[in-house]
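Just so you know, we're using the numbering used here here: the sequence shown kicks off at 924 and counts up by one. Glycine residues also receive a C-beta, built at the ideal position from the N, C-alpha and C atoms.
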Amino acid sequence: MDTDAATSALIERAIAALAGRRVAVLTGAGVSTDSGIPDYRGKGAPTRTPMTAQDFIASERARRRYWVGSHLGWRRFAAAEPNAGHRALADLELAGVTTGVITQNVDGLHVRAGSRRVVELHGTMRRVGCLQCGQVFDRRDLAARVEADNPWLSAADGDLPLGPDGDVAAEVADEFRIPACSVCGGVLKPDVVFFGEFIPAEKFREAEQLVRASDALLVAGSSLVVNSGIRLVERARRRRLPVVIVNRGETRVDARATVKVDAGTSEVLAALATALPALR
């Protein structure tokens, strides 16, 4: 691993803080940037106007805009592969170092990398549900339906920039046929927490339980702007657990962390995966 002396020293401090402990992991968008999925708030990230739950439910035009962009982006989003950071976390779980991963990401890359206990706080793009009857569909099956109903989409992708939710900025196409529930004809929505929605209480309790069963908390690739992440960090701090943060750029709790490593998550997580199993 090619790092400067100061960063290497911080990584050694992080290893010392986590050594011999059961570690809960909280990840954000920064973990997936090396897989080609940009984050929300990283340096140079474009200003975004994400779809809100209220707009999605209330407006057919808003749903059309969402589905056009979401489908075009999802084709590339679904093709993204787990990177070294995802694989390192899967290895740490297999070695008994980590108790599991709590992720703010909806890309499913932790699961694909082999992590077995994954709490997806904000849901997953792998599933789509009907808001009327509750039927759940695999996103791949729905994508096939969308392309069959809108064959012109296959030529519309081009080089449109991919967003962290697997969407792209696309103009509304009036001829786009919005997918509907094949059971009841109701409104379909990806199984993700939109802006304006709350994380399901049972999902947050699952995340809390994972932290409660651990002796330390590792935060990777999150600026900790979202309140759910802050709350989990505070749960750890109240128990006086070591909190290690790995993130490029500032987070809201840098001053309260045991160790903050300002570096790429792939490299640092790989270094932790090399060192920590031998220190159990």
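Residue i versus the options, residue with shortest Cα-Cα distance
i        : options                                : result
Cys-1107 : Gly-1057, Ala-1001, Pro-1074, Thr-1047 : Gly-1057
Ala-1201 : Arg-986, Asn-1006, Tyr-989, Leu-1015   : Leu-1015
Asn-1073 : Val-1059, Glu-1098, Leu-1054           : Glu-1098
Glu-1190 : Ala-940, Ala-1178, Asn-1170            : Asn-1170
Gly-992  : Arg-1175, Pro-973, Val-946, Asp-1138   : Pro-973
Leu-1136 : Ile-938, Ala-1103, Arg-945, Ile-934    : In the sequence as displayed, the identity of residue 1136 is Ala instead of Leu. When each option's Cα is compared against that of Ala-1136, the closest is Arg-945.
Arg-986  : Leu-995, Val-1029, Ala-1067, Pro-1102  : Pro-1102
Val-1020 : Trp-1075, Asp-1064, Ile-938            : Ile-938
Arg-1128 : Gly-1109, Arg-1158, Val-1182, Val-1110 : Arg-1158
Leu-1164 : Cys-1053, Thr-1197, Ala-940, Thr-926   : Ala-940
Three-way DSSP call (helix, strand, coil) for residue i in this model
i        : result
Pro-1113 : strand
Ile-938  : helix
Ile-1101 : coil
Thr-956  : helix
Glu-1004 : coil
Ala-1136 : coil
Val-1176 : coil
Gly-1037 : coil
Val-1184 : strand
Thr-926  : coil
Gly-1031 : coil
Val-1149 : coil
Same chain, Cβ closer than 6 Å to residue i, five either side skipped, listed in chain order
i        : result
Gly-1031 : Thr-1047, Arg-1049
Ser-1151 : Leu-1044, Ile-1122
Gly-951  : Gln-1027, Gly-1144, Ser-1145
Val-1142 : Leu-949, Ile-1168
Val-1041 : Val-1024, His-1033, Val-1034
Thr-956  : Asp-962
Own chain partners of residue i with C-beta closer than 7 Å, once the 5 adjacent residues on each side are dropped
i        : result
Thr-914  : Beyond the ends of the chain as shown, which are 924 and 1203, falls residue 914; an answer cannot be given.
Ser-958  : Ala-1003, Glu-1004, Pro-1005, Asn-1006, Leu-1032
Ala-1013 : Ala-1036, Gly-1037, Ser-1038
Leu-933  : Val-1182, Val-1184
Arg-1100 : Asp-1072, Asn-1073
Identity of the residues DSSP links to residue i by a beta bridge
i        : result
Cys-1053 : Leu-1111
Ala-947  : Gly-1023, Leu-1140
Gly-1119 : According to DSSP, Gly-1119 bridges with nothing at all.
Thr-975  : Phe-1118
Val-1069 : BP columns for Val-1069 are empty, so no partner.
The ligand SAM heavy atom lying under 8 Å from the CB of residue i
i        : result
Gln-1132 : The ligand SAM is not part of this structure, which contains no ligands at all.
Residue burial classification, residue i (beta-carbon count within 10 angstroms, cutoff 16)
i        : result
Phe-962  : Phe is not the amino acid found at residue 962; the sequence shown has Asp there. It counts as buried.
Arg-1010 : buried
Trp-990  : buried
Val-1059 : exposed
Ala-1139 : buried
Gly-1187 : buried
Ala-1180 : buried
Contacts around residue i, its chain only, beta-carbon distance under 8 Å, and the 5 residues preceding and following it disregarded
i        : result
Ser-1077 : Glu-1070
Arg-1062 : Trp-997, Ala-1001, Met-1048, Arg-1049, Arg-1050, Val-1051, Pro-1113
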